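A.B. asks: In our numbering, the protein residues as written are 637 to 900. Idealized CB from N, CA, C, for every residue including glycine. What you are looking at is a predicted structure, and each value in this text was computed from that prediction instead of being measured.
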């Protein structure tokens, strides 16, 4: 089982301090919850500037208060708000940053339940090179109030990241979900073109070569494989919980047809 988060209330937690301070003076105390493909590289970046306490399945931070807490464990609709609220109660952060991909409205619910400052700032980039991607892409931030947004901007800019503050956490929440879904839509279209081509006895590659040089199109030649991984299809499922959509269902059906076509 991949490590990604501490389970609240787990009795076997080892209370062990995990931090590396690469500078003599740290301006903030930061707790990072979840040391998976996002939390670990984010922790490595933050350690260069601040005092970091890492929290995971078998690790807890022996601190009662912190300046910033980063949430980096996977979203589960029925558990996530309660889990994050419990961590907020445990570590008393001045600011909580939700880096996880979540359903629209999640950040607002956590802020309301905890009565604390919470912002949403979804991760972007490929997990295989996440540390580099974190420093490459703009860190979009959705805040409920100007003060929380300002503090999140200052925190990320202090880490050497570009930032952009949006009007509300719902803006960043839906932006992340639709970004990955757009990629899924393009792959689903490639799957459909491949099916058309196969039925006509022609090759997918030669068909898409016809419109590759049209400059005002987005990149058209996507590999028509199965949409796998743990981003695109799970994020479509999150959207479908809130927004019934024939278009999203079409992506799901197309991917199921592709999977079926590869069965022996």
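If the criterion is Cβ atoms closer than 8 Å, does the pair residue 858 and residue 892 meet it?
C.D. replies: No, these two residues do not count as a Cβ contact at 8 Å.
A.B. asks: Alpha carbon to alpha carbon, how far is residue 783 from residue 768? Give it in angstroms, no decimals.
C.D. replies: Each residue's alpha carbon lies about 28 Å from the other.
A.B. asks: Determine the DSSP secondary structure at residue 839, reduced to helix, strand or coil.
C.D. replies: Note: residue 839 maps to coil in three-state DSSP.
A.B. asks: Identify every residue that forms a DSSP beta bridge with residue 801.
C.D. replies: In the DSSP output, where bridge partners are listed per residue, residue 801 has 777.
A.B. asks: Could you tell me whether the segment 830–844 touches the segment 808–820, where touching means 3 or more Cβ pairs closer than 8 Å?
C.D. replies: Too few Cβ pairs lie closer than 8 Å, so no.
A.B. asks: Skipping 5 residues on each side, what residues in its chain have a beta carbon closer than 8 Å to that of residue 772?
C.D. replies: Closer than 8 Å at Cβ, skipping near neighbours: 761.
A.B. asks: Using the beta-carbon count (16 or more within 10 Å), is residue 702 buried or exposed?
C.D. replies: By the 10 Å Cβ count, residue 702 comes out buried.
A.B. asks: So what does DSSP say about residue 694, is it helix, strand or coil?
C.D. replies: DSSP places residue 694 in coil when its eight states are reduced to three.
A.B. asks: Would residue 733 pass as a contact of residue 706 if the rule is Cβ separation under 8 Å?
C.D. replies: Cβ distance < 8 Å, so residue 733 and residue 706 count as in contact.
A.B. asks: Helix or strand or just coil, what does DSSP make of residue 866?
C.D. replies: Here residue 866 sits in coil by DSSP.
A.B. asks: Do residue 805 and residue 743 count as a contact pair if the criterion is CB distance below 8 Å?
C.D. replies: Yes, these two residues count as a Cβ contact at 8 Å.
A.B. asks: Kindly confirm or deny that the segment 817–831 and the segment 883–900 touch, where touching means at least three C-beta pairs closer than 8 Å.
C.D. replies: Because the criterion of three Cβ pairs below 8 Å is met, the segment 817–831 and the segment 883–900 touch.
A.B. asks: Give the secondary structure of residue 813 by DSSP, where H, G and I count as helix, E and B as strand, and everything else as coil.
C.D. replies: Three-state DSSP puts residue 813 in a helix.
A.B. asks: So, residue 754 versus residue 778, is the Cβ gap smaller than 8 Å?
C.D. replies: It is not a contact, given that the beta carbons lie outside the stated cut-off.
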